[in-house]
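Numbering (the working numbering), first residue to last: 2 to 416.
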Ligand code: LLP
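Printed below as a string of structure tokens:
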């Protein structure tokens with residue numbers, strides 16, 4: 002669904018004008034649409050129909066408690082990658098029995114806590130991790146449910162920083178070594194083999210790498226079955242892309258079709274870990290133009306959001322649409338570089354954007370619901386933005402703007 006639309010010349014989130022939010026909460030502020038998040042999540046859930054499945058939203062994409070809470074209420078599971086994300090899920094009312102724990106660096110403390118609250122599965126990424134998990138579970142006299150994250154060695158054809166399924170990437174276990182390690186897991190006293198997991202990359206706009214990975218992983222499932230190791234679920238990771246500019250990512254139904262066709266009637270529960278596709282286009286970052294620098298060579302609009310608030314343009318050259326919150330017809334449309342106040346040449350939100358601008362205007366940076374706030378930092382001693390969730394005609398402040406003093410909390414002056 003399209004959550005951000007122009008109504009009477011004003012850009013609105015659902016039914017709330019963004020300028021009202023800016024007025025009350027200030028800028029920069031992330032604004033999310035409840036309806037858009039819910040509809041995207043349901044898109045995945047419904048696409049899998051009657052086939053046994055669990056959508057485990059990837060918390061890393063946007064971990065605001067209110068976002069997690071509304072997904073928990075829909076019955077979502079969660080894919081976490083740290084003890085911190087686990088605590089967020091619990092604080093938001095998420096069900097630990099629907100949590101899967103991914104990531105290459107789980108500490109013993111994180112494992113202990115996850116075992117104590119009874120998560121659904123650990124997605125194990127190395128033999129060293131497997132032995133540690135077996136030891137920690139033994140100390141607690143518990144059995145740890147495991148799935149191996151295998152690396153199927155397929156090229157996801159996305160940005161190299163977010164491609165994860167090639168042998169040269171740090172993620173997962175080489176699929177050629179997986180059988181031996183499954184044998185090890187099956188024989189371990191405190192582990193119970195439950196599934197197989199893969200995740201080949203993010204912002205995928207083509208389903209063929211997923212279909213390839215699936216085929217390779219199902220062949221592994223069959224080889225394991227022949228050895229008497231039963232796999233009950235297949236976790237296909239996340240990765241489905243969204244439209245930032247002109248991409249045409251597959252719809253959740255097409256994605257589900259590829260998965261269900263690939264299974265060929267196998268009795269495997271499907272788990273999936275979408276992040277970006279659930280929240281990406283459900284959020285914008287609103288920012289106010291501070292200065293217009295209209296030089297001879299280049300025009301810069303200096304806004305009050307920067308790379309510390311939204312890192313994707315600087316880090317991945319990520320393109321985000323930037324539109325006025327109240328389009329104006331009284332100035333010329335010119336190509337502007339939209340830049341922040343941070344002291345780095347790489348601090349920009351967009352380049353050469355055709356906009357009619359005046360000082361004080363509000364802009365919306367679109368597709369900022371995923372990997373936006375969560376990647377924000379305090380670089381240049383800038384407090385992180387506020388976050389607002391809109392539901393119909395109401396808006397809720399779901400995270401206060403960080404107070405400045407919080408930035409040096411825990412620091413100490415010398416005697
Ligand atoms: N599962 C695992 C194991 C992952 O590593 C990821 C993302 C996901 C699920 C969710 O993937 P999604 O559905 O969101 O594509 N910061 C980057 C994206 C990094 C993605 C890391 N892993 C960006 O801003 O593009």
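Just so you know, even glycine gets a beta-carbon here, dropped at the ideal spot from N, CA and C.
Strand pairing of residue 273, partner residues [DSSP]
As a working mapping, residue 273 is identified with position 272 in the chain shown. Bridge partners of residue 273: 56.
Shorter than 8 Å from the beta carbon of residue 181 to some beta carbon of chain C?
Looking for chain C here will not work: only one protein chain is present.
Measuring alpha carbon to alpha carbon, tell me which residue in 350, 191, 149, 184 is nearest residue 175.
For this step, residue 175 is matched to residue 174 along the chain shown. When 350, 191, 149, 184 are compared, the shortest CA-CA separation from residue 175 is found for 149.
Give a yes or no on whether the C-beta atoms belonging to residue 197 and residue 153 are separated by under 8 Å.
Locating residue 197 in the chain shown gives position 196, where the first residue counts as 1. Locating residue 153 in the chain shown gives position 152, where the first residue counts as 1. No. Outside cutoff.
Could you tell me which residues DSSP puts in a beta bridge with residue 198?
Position 197 of the chain shown, counted from the first residue, corresponds to residue 198. Note: residue 198 sits in a beta bridge opposite 150, 236.
Using 8 Å as the threshold, is the C-beta distance between residue 242 and residue 205 below it?
Numbered from its first residue, the chain shown carries residue 242 at position 241. Numbered from its first residue, the chain shown carries residue 205 at position 204. Remark: C-beta atoms of residue 242 and residue 205 approach each other more closely than 8 Å.
Verify whether the separation of the beta carbon atoms of residue 379 and residue 408 is less than 8 Å.
The sequence position of residue 379 within the chain shown is 378, counting from 1. The sequence position of residue 408 within the chain shown is 407, counting from 1. Yes. Within cutoff.
By DSSP, does residue 34 sit in helix, in strand, or in coil?
If you number the chain shown from 1, residue 34 lands on position 33. In this structure, residue 34 counts as strand in the three-state DSSP scheme.
Given residue 405, which residues of its chain have a CB within under 7 Å of its CB, disregarding the five upstream and five downstream residues?
Here residue 405 refers to the residue found at position 404 when the chain shown is read from its first residue. The answer, listed in chain order, is 384.
Comparing the CB of residue 376 with every heavy atom of the ligand LLP, is any distance shorter than 7 Å?
The count along the chain shown starts at 1 and reaches residue 376 at position 375. The closest heavy atom of the ligand LLP lies less than 7 Å from the beta carbon of residue 376.
Is residue 107 near residue 390, with beta carbons less than 8 Å apart?
As a first step, residue 107 is located in the chain shown; it is residue number 106 there, counting from the start. As a first step, residue 390 is located in the chain shown; it is residue number 389 there, counting from the start. The answer is no: Cβ separation not under 8 Å.
Round the Cβ separation of residue 399 and residue 115 to the nearest angstrom and send it over; I've been treating them as touching at under 8 Å.
Start at 1 with the first residue of the chain shown, and residue 399 comes out as number 398. Start at 1 with the first residue of the chain shown, and residue 115 comes out as number 114. Contact flag wrong, Cβ pair sits at about 26 Å.
Check whether the Cβ atoms of residue 221 and residue 155 sit closer than 8 Å, and answer yes or no.
For the purposes of this step, residue 221 is taken as the residue at position 220 of the chain shown. For the purposes of this step, residue 155 is taken as the residue at position 154 of the chain shown. Result no, Cβ atoms of residue 221 and residue 155 do not sit closer than 8 Å.
Helix, strand or coil at residue 171 according to DSSP, with G and I counted as helix
The residue you call residue 171 lines up with position 170 of the chain shown. Residue 171: coil per DSSP, three-state reduction.
Does the beta-carbon distance from residue 119 to residue 98 come in below 8 Å?
Looking up residue 119 in the chain shown gives position 118. Looking up residue 98 in the chain shown gives position 97. Against a cut-off of 8 Å, the Cβ pair of residue 98 and residue 119 comes out as a contact.
Measuring only from the beta carbon, is residue 228 closer than 7 Å to any heavy atom that is part of the ligand LLP?
Within the chain shown, numbered from 1, the residue matching residue 228 stands at position 227. For residue 228, the Cβ stays outside the 7 Å cut-off from all heavy atoms of the ligand LLP.
One question on the structure: do residue 111 and residue 84 come within less than 8 Å of each other, judged by their Cβ atoms?
Along the chain shown, one-based indexing puts residue 111 at 110. Along the chain shown, one-based indexing puts residue 84 at 83. With contacts defined as CB atoms closer than 8 Å, residue 111 and residue 84 qualify as a contacting pair.
Less than 7 Å separating the Cβ of residue 200 from some heavy atom of the ligand HEM?
Questions concerning the ligand HEM fall outside what the structure shown contains, since the ligands it does hold are the ligand LLP.
Whole runs of the beta strand (DSSP E) within the region 265-318, excluding any shorter than 3 residues
As far as the region 265-318 is concerned, its whole beta strand (DSSP E) runs of at least 3 residues are 270-273, 284-295, 300-304.
Is the Cβ-Cβ distance between residue 340 and residue 374 less than 8 Å?
As a first step, residue 340 must be located in the chain shown, where it is residue number 339. As a first step, residue 374 must be located in the chain shown, where it is residue number 373. Not a contact, by the Cβ cut-off of 8 Å.
Quick check on residue 77: does DSSP put it in helix, strand or coil?
Residue numbering aside, residue 77 sits at position 76 when the chain shown is read from its first letter. Reduced to three states, the DSSP call for residue 77 is coil.
Residue 165 beta carbon near the ligand LLP (any heavy atom closer than 7 Å):
Walking along the chain shown from the start, residue 165 turns up at place 164. At least one heavy atom of the ligand LLP lies closer than 7 Å to the C-beta of residue 165.
For residue 270 and residue 123, what's the separation of their Cα atoms in angstroms?
For the purposes of this step, residue 270 is taken as residue 269 along the chain shown, with counting starting at 1. For the purposes of this step, residue 123 is taken as residue 122 along the chain shown, with counting starting at 1. If you take the alpha carbons of residue 270 and residue 123, they lie about 16 Å apart.
Look at the alpha carbon of residue 82 and the alpha carbon of residue 62, and state the distance between them as a whole number of angstroms.
Sequence index remark: in the chain shown, residue 82 carries index 81 (1-based). Sequence index remark: in the chain shown, residue 62 carries index 61 (1-based). One C-alpha to the other measures close to 11 Å.
Close beta carbons around residue 145, own chain, < 8 Å, minus the five adjacent residues each side
In the chain shown, the residue the question calls residue 145 occupies position 144. Excluding sequence neighbours, residue 145 sits near 112, 116, 123, 134, 135, 137, 138, 191, 192, 193.
Using only the heavy atoms of the ligand LLP, determine whether one of them is closer than 7 Å to the beta carbon of residue 171.
Position 170 of the chain shown, counting from 1, holds the residue named residue 171. No, the ligand LLP has no heavy atom inside 7 Å of this Cβ.
Can you pull the DSSP bridge partners for residue 338?
As a position in the chain shown, residue 338 is number 337, starting the count at 1. The partner list for residue 338 (beta bridge, DSSP) reads 301.
Between residue 107 and the ligand LLP, is there a pair consisting of the residue's CB and a ligand heavy atom that are separated by less than 7 Å?
On the chain shown, position 106 is the one that residue 107 refers to. Every heavy atom of the ligand LLP is 7 Å or more from the Cβ of residue 107, so no.
Taking 7 Å as the cut-off, is the C-beta of residue 103 nearer than that to any heavy atom in the ligand LLP?
Position 102 of the chain shown, counted from the first residue, corresponds to residue 103. For the ligand LLP, a non-hydrogen atom lies closer than 7 Å to the CB of residue 103.
Nearest-angstrom beta carbon gap, residue 308 and residue 315 [assumed within contact, 8 Å]
Taking the first residue of the chain shown as position 1, residue 315 is located at position 314. Taking the first residue of the chain shown as position 1, residue 308 is located at position 307. By a beta-carbon distance limit of 8 Å, residue 315 contacts residue 308. Their separation comes to about 4 Å.
Could you say which of 25, 158, 214, 104 lies nearest to residue 59 if we only look at CA atoms?
For the purposes of this step, residue 59 is identified with residue 58 of the chain shown, where counting begins at 1. For residue 59, the closest C-alpha among the options 25, 158, 214, 104 is that of 104.
Quick one: residues in its chain with C-beta nearer than 7 Å to the C-beta of residue 250, no 5 flanking neighbours on either side, listed in chain order?
Position 249 of the chain shown, counting from 1, holds the residue named residue 250. Only 206, 241, 242, 243, 244 meet the Cβ criterion.
May I have a chain-ordered list of the alpha helix (DSSP H) segments no shorter than 4 residues that lie completely inside the region 88-166?
Counting only runs of 4 or more, we get 109-118, 128-140.
When the Cα atoms are used, what is the spatial distance from residue 317 to residue 47?
Counting from 1 along the chain shown, the entry for residue 317 is found at position 316. Counting from 1 along the chain shown, the entry for residue 47 is found at position 46. Each residue's Cα considered, the two are about 32 Å apart.
In its own chain, which residues sit with a C-beta less than 7 Å from the C-beta of residue 52, not counting the 5 before and 5 after it?
One-based indexing of the chain shown puts residue 52 at position 51. Closer than 7 Å at Cβ, skipping near neighbours: 261, 271.
State yes or no: is the C-beta of residue 80 nearer than 7 Å to some heavy atom of the ligand LLP?
Here residue 80 refers to the residue found at position 79 when the chain shown is read from its first residue. True, at least one ligand heavy atom lies under 7 Å from that Cβ.
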